[in-house]
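In the UniProt record's numbering, the protein residues as written are 17 to 318. Note that CB positions come from ideal geometry on N, CA and C, so glycine has one too. Keep in mind that this is a model prediction, so the values were computed, not measured.
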Ligand code: G3P
Ligand code: CA
């Protein structure tokens with residue numbers, strides 16, 4: 017589907033579902049990813065963290081407090097602990113604002129020390145007259161997500177973000193690559209664009225990936241534009257830039273600089289129609305959005 021520079025021949029702008037179709041379903045749940053695939057997203061974004069017993073799970077925050085009815089850091093909990101929690105009840109109907117603080121995000125309206133008490137009658141994860149829908153409420157392992165993609169019946173790319181990679185001194189990347197290898201995704205053929213790319217705010221994490229799996233594309237995420245990378249260069253070996261939409265709004269000429277330096281540009285998190293329009297105008301390669309369906313509709317692809 018792609019030309020030599022990695023751009024799609026079918027459409028110029030890839031639509032990546034951020035944490036799944038996370039505006040409509042609880043983020044990082046199977047339901048959110050199923051919906052994104054059904055809606056026609058080109059790719060799925062997910063954050064991965066390592067549990068205390070070495071499983072990679074799709075959870076954004078350091079702690080489970082915001083997105084589940086439990087408490088504590090993912091790194092101190094075992095997969096069985098996470099499996100006992102409800103990761104869907106927090107999701108109110110309507111949209112969730114992008115949370116500002118990566119480690120203190122909470123469900124709106126919940127006081128910091130309120131134990132979450134799910135009430136089965138009013139969980140959004142419950143269909144009327146039935147029990148909880150595990151697709152909307154269970155913790156998602158990366159392995160299960162890879163199975164979903166493998167079974168989807170069409171090409172769906174994955175943009176996997178390593179979270180808290182420094183804590184584990186290489187174990188996140190090691191586990192990630194072992195898992196990708198099992199799915200035949202760690203060493204894509206040279207002339208075939210990889211369906212998986214690894215993203216991180218940590219250049220060190222990306223360098224670990226490059227060293228162990230040189231065929232996998234890497235994306236350097238940037239929340240703010242630092243002087244070091246202002247001229248369009250990226251950390252060594254990184255091919256794709258992942259600036260925030262805030263950077264792109266404030267420095268629209270940065271996209272051209274990156275492209276001139278030979279980099280693709282994947283922008284996050286692009287939820288507003290005017291931001292989608294800006295990204296189209298600037299020729300970015302991918303938008304990462306909580307609303308893949310709305311963006312695909314805006315682009316005339318639905
Ligand atoms: O896709 C990149 C974006 O997800 C980075 O920010 O905090 O949502 O992981 P965050
Ligand atoms: Ca992310």
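Query raised in the report: Three or more beta-carbon pairs under 8 Å between the stretch 296–315 and the stretch 49–67, yes or no?
Result: Segments in contact, yes.
**Report entry** Range of the contiguous alpha helix (DSSP H) that encloses residue 96
**Finding:** Within the chain shown, residue 96 is the residue found at index 80, counting from 1. Unbroken alpha helix (DSSP H) run through residue 96: 95–99.
Query raised in the report: Given a threshold of 16 other Cβ atoms within 10 Å of its Cβ, counted over all protein chains shown, does residue 266 qualify as buried or as exposed?
Result: On the chain shown, position 250 is the one that residue 266 refers to. The residue in question, residue 266, is exposed, as its Cβ has fewer than 16 Cβ neighbours within 10 Å.
Query raised in the report: Taking one C-beta from the stretch 245–264 and one from the stretch 291–298 each time, how about it: are there three or more such pairs within less than 8 Å?
Result: yes
**Report entry** Within 5 Å of ligand 2: residues by beta-carbon to any heavy atom
**Finding:** Result: 63, 177.
Query - Residues near residue 202 in its chain [Cβ-Cβ closer than 6 Å; skip 5 each side] - result: Position 186 of the chain shown, counted from the start, is the residue given in the question as residue 202. These residues qualify, in order along the chain: 193, 196, 229.
Query raised in the report: Should residue 258 be counted as a contact of ligand 1 given a C-beta to heavy atom distance under 7 Å?
Result: Within the chain shown, residue 258 is the residue found at index 242, counting from 1. Result yes, Cβ under 7 Å from ligand 1.
Query raised in the report: To the nearest angstrom, how far is it from the Cα of residue 121 to the Cα of residue 81?
Result: Your numbering for residue 121 matches position 105 in the chain shown. Your numbering for residue 81 matches position 65 in the chain shown. Unreliable placement is indicated for residue 121, whose pLDDT of 33 sits below 50; the coordinate value is still reported in the next sentence. The alpha-carbon atoms of residue 121 and residue 81 are separated by roughly 8 Å.
**Report entry** Where residue 260 sits in the DSSP three-state scheme
**Finding:** For the purposes of this step, residue 260 is taken as the residue at position 244 of the chain shown. Strand, per DSSP.
Query raised in the report: Within this structure, are the beta carbons of residue 91 and residue 183 separated by less than 8 Å?
Result: Residue numbering aside, residue 91 sits at position 75 when the chain shown is read from its first letter. Residue numbering aside, residue 183 sits at position 167 when the chain shown is read from its first letter. Yes, these two residues count as a Cβ contact at 8 Å.
Query - Beta-carbon spacing of residue 283, residue 274 below 8 Å - result: To locate residue 283, count along the chain shown from 1; it is residue 267. To locate residue 274, count along the chain shown from 1; it is residue 258. For residue 283 and residue 274, no; Cβs fall outside 8 Å.
Query raised in the report: Beta carbon of residue 83: closer than 7 Å to some heavy atom of ligand 1?
Result: Here residue 83 refers to the residue found at position 67 of the chain shown. For ligand 1, not one heavy atom lies less than 7 Å from the Cβ of residue 83.
Query raised in the report: Taking C-alpha atoms, which residue in 164, 85, 245, 177 lies nearest to residue 213?
Result: Walking along the chain shown from the start, residue 213 turns up at place 197. Answer by Cα proximity: 177.
Query raised in the report: Can the beta-carbon of residue 224 be found less than 8 Å from the beta-carbon of residue 189?
Result: Taking the chain shown and counting its residues from 1, one reaches residue 224 at position 208. Taking the chain shown and counting its residues from 1, one reaches residue 189 at position 173. Yes.
Query raised in the report: Who are residue 65's beta bridge partners in DSSP?
Result: Taking the chain shown and counting its residues from 1, one reaches residue 65 at position 49. According to DSSP, which records beta bridges pairwise, residue 65 is partnered with 73.
Query raised in the report: Going straight from the alpha carbon of residue 119 to that of residue 152, what length do you get?
Result: Position 103 of the chain shown, counted from the start, is the residue given in the question as residue 119. Position 136 of the chain shown, counted from the start, is the residue given in the question as residue 152. Note that residue 119 scores 39 on pLDDT, short of 50, meaning its location in the model is unreliable and no value can be drawn from it.
Query raised in the report: Given that a residue counts as buried once 16 or more other Cβ atoms are within 10 Å of its Cβ, and exposed if not, what is residue 170?
Result: By one-based count along the chain shown, residue 170 stands at place 154. Flag for residue 170 reads exposed.
Query raised in the report: In its own chain, which residues sit with a C-beta less than 7 Å from the C-beta of residue 226, not counting the 5 before and 5 after it?
Result: Here residue 226 corresponds to residue number 210 of the chain shown, with the count starting at 1. Apart from the 5 residues on each side of it in sequence, residue 226 sits with its Cβ closer than 7 Å to the Cβ of 234, 253 in its chain, given in chain order.
Report task. Pick helix, strand or coil for residue 311, following the three-state DSSP scheme. Result -> Locating residue 311 in the chain shown gives position 295, counting from the first residue. Here residue 311 sits in helix by DSSP.
**Report entry** C-beta atoms of residue 98 and residue 300 nearer than 8 Å
**Finding:** Taking the chain shown and counting its residues from 1, one reaches residue 98 at position 82. Taking the chain shown and counting its residues from 1, one reaches residue 300 at position 284. No, the Cβ-Cβ distance between residue 98 and residue 300 is not below 8 Å.
**Report entry** For residue 173, three-class secondary structure by DSSP
**Finding:** What you label residue 173 is simply residue 157 of the chain shown in a count that begins at 1. Of the three classes helix, strand and coil, the one that applies to residue 173 here is strand, per DSSP.
Query raised in the report: In terms of residues, what are the limits of the beta strand (DSSP E) holding residue 34?
Result: As a position in the chain shown, residue 34 is number 18, starting the count at 1. For residue 34, the enclosing beta strand (DSSP E) starts and ends at 30–34.
Query - Member of 94, 210, 106 whose CA lies at the smallest distance from the CA of residue 85 - result: Looking up residue 85 in the chain shown gives position 69. For the residues 94, 210, 106, the minimum Cα distance to residue 85 belongs to 106.
**Report entry** Where residue 102 falls, given that 16 or more other Cβ within 10 Å makes a residue buried
**Finding:** Stepping through the chain shown from its first residue, residue 102 is reached at position 86. Buried.
Query - Sequence ranges, beta strand (DSSP E) only - wholly within the stretch 257–302, length at least 3 - result: For the beta strand (DSSP E) assignment, the uninterrupted runs of no fewer than 3 residues enclosed by the stretch 257–302 are, from N- to C-terminal side, 280–284.
Query raised in the report: Which residue comes first and which comes last in the beta strand (DSSP E) that contains residue 216?
Result: Looking up residue 216 in the chain shown gives position 200. 212–216 is the span of the beta strand (DSSP E), which, as asked, contains residue 216.
Query - Other residues of its chain near residue 51: CB distance less than 7 Å, five sequence neighbours each side excluded - result: Counted from its first residue, the chain shown places residue 51 at position 35. Cβ neighbours of residue 51 beyond the five flanking positions: 36, 37, 40, 41.
**Report entry** CB contact flag (residue 7, residue 67, <8 Å)
**Finding:** In the structure as shown, the chain begins at 17 and stops at 318. Residue 7 is therefore absent and cannot be evaluated.
Query raised in the report: Beta carbon of residue 53, beta carbon of residue 154: below 8 Å?
Result: Along the chain shown, one-based indexing puts residue 53 at 37. Along the chain shown, one-based indexing puts residue 154 at 138. Cβ atoms of residue 53 and residue 154: not closer than 8 Å.
Query raised in the report: Nearest to residue 160 by CA position, among 44, 272, 148, is which residue?
Result: Walking along the chain shown from the start, residue 160 turns up at place 144. Closest by alpha carbon: 44.
Query - Option in 165, 247, 76 with minimal Cα separation from residue 270 - result: Within the chain shown, the letter at position 254 stands for residue 270. Checking every option, the nearest Cα to that of residue 270 belongs to 247.
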